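Each residue of the sequence shown is one higher than the last, beginning at 0 in numbering that gives the first Met the number 0. This report concerns only the one structure given below.
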Amino acid sequence: MRMDSFLERSDELHIEILALLEGAEAFPGMRHEVALVACGIALEHALSLRLLVRTQCFTSALSMMRLQYEALARGVWLLYAATDLQVQTLASPLTVGAETAARKMPMFSTMLEQVREKAPAQASTMLLNFKEVNWHAMNSFVHSGIHPLRRHAEGYAAGLIESAVRSCNGLSLMVFQLGVVLTGDPRYEGVVRATQEKYHQILPGLVSPL
């Protein structure tokens with residue numbers, strides 16, 4: 000599949016996810032509402048990644064993957080592992096006091112460990128497997144390490160960019176799955192699997208694209 004076609008199909012997946020979740024309300028409660036906001040952030044990062052690819056800003060595009068991953072992980076943590084006080088803090092209006100309190104949130108590695116302990120096995124396994132495969136390269140891109148320095152100097156192979164977009168699509172599908180859980184709506188039963196089957200050509204196996 001050509002890159003422009005791959006991006007167009009990825010856009011279709013994104014639009015379908017948004018359409019399916021449009022108007023959906025989080026299961027009553029602050030925890031679910033804040034986690035759903037994190038889902039929205041993750042989908043925005045996915046859109047940004049594709050826009051950057053289209054403008055050939057590949058180094059910046061690949062850096063977005065870590066932001067998308069962390070937004071997804073934050074949503075899972077908020078749903079399953081955060082304390083009520085932590086949820087309340089992150090749902091508070093953005094004031095100096097709230098910002099100070101938010102600095103006391105656990106480090107990302109601690110959040111993932113809490114997810115591993117408290118979230119359903121499927122959710123924690125998907126997050127941890129993605130991290131195991133991609134974490135070092137994602138860090139390298141965010142911190143201008145060897146990956147972006149060499150890729151920016153030597154060029155990006157088309158296959159590498161396609162694999163990155165594919166992984167981004169996989170994260171978006173995980174975001175969709177979390178969004179469905181957050182609604183608590185039984186009408187969504189089976190919709191994630193159906194979407195996965197429909198777009199399987201642009202979704203990943205667990206192989207690092209970076």
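Built from N, CA and C at the ideal position, the CB exists for glycine as well. What you are looking at is a predicted structure, and each value in this text was computed from that prediction instead of being measured.
Secondary structure at F57, three-state DSSP: helix, strand or coil?
Counted from its first residue, the sequence shown places residue 57 at position 58. Note: F57 maps to helix in three-state DSSP.
For P92, tell me which candidate among S4, L172, V33 has the shortest Cα-Cα distance.
Locating residue 92 in the sequence shown gives position 93, where the first residue counts as 1. P92 has its Cα closest to that of V33, out of S4, L172, V33.
Same chain, Cβ closer than 6 Å to A72, neighbours up to 5 away in sequence not counted:
On the sequence shown, residue 72 is found 73 positions in, with the first residue counted as 1. These residues qualify, in order along the chain: L126.
What residue range does the alpha helix (DSSP H) around R192 cover?
As a working note, residue 192 is residue 193 in the sequence shown. Residues 190 to 197.
Counting Cβ pairs closer than 8 Å, one from the segment 60 to 79 and one from the segment 37 to 46, do we hit at least three?
yes
Since E153 and M2 should fall inside the 8 Å C-beta cutoff, what is the C-beta to C-beta distance between them, to a whole number of angstroms?
What you label residue 153 is simply residue 154 of the sequence shown in a count that begins at 1. What you label residue 2 is simply residue 3 of the sequence shown in a count that begins at 1. About 19 Å; that fails the 8 Å criterion.
Tell me whether I145 is buried or exposed, calling it buried when 16 or more other Cβ atoms sit within 10 Å of its Cβ.
Here residue 145 corresponds to residue number 146 of the sequence shown, with the count starting at 1. By the 10 Å Cβ count, I145 comes out exposed.
Have a look at G178, L170, V179 and flag the residue whose alpha-carbon is nearest the alpha-carbon of S9.
Within the sequence shown, numbered from 1, the residue matching residue 9 stands at position 10. Out of G178, L170, V179, L170 has the C-alpha closest to the C-alpha of S9.
Taking a contact to mean a Cβ-Cβ separation below 8 Å, would you say R115 touches L77 in this structure?
Your numbering for residue 115 matches position 116 in the sequence shown. Your numbering for residue 77 matches position 78 in the sequence shown. No, they are not a contact pair.
Report the rounded CA-to-CA distance for M106 versus Y198, giving the unit in angstroms.
On the sequence shown, residue 106 is found 107 positions in, with the first residue counted as 1. On the sequence shown, residue 198 is found 199 positions in, with the first residue counted as 1. If you take the alpha carbons of M106 and Y198, they lie about 34 Å apart.
What residue range does the alpha helix (DSSP H) around M137 cover?
Numbered from 1 along the sequence shown, position 138 holds the residue referred to as residue 137. It spans 120 to 141 - the alpha helix (DSSP H) in which M137 sits, taken as one unbroken run.
Identify the continuous alpha helix (DSSP H) that holds D10 and give its terminal residues.
For the purposes of this step, residue 10 is identified with residue 11 of the sequence shown, where counting begins at 1. Its alpha helix (DSSP H) spans residues 2 to 20.
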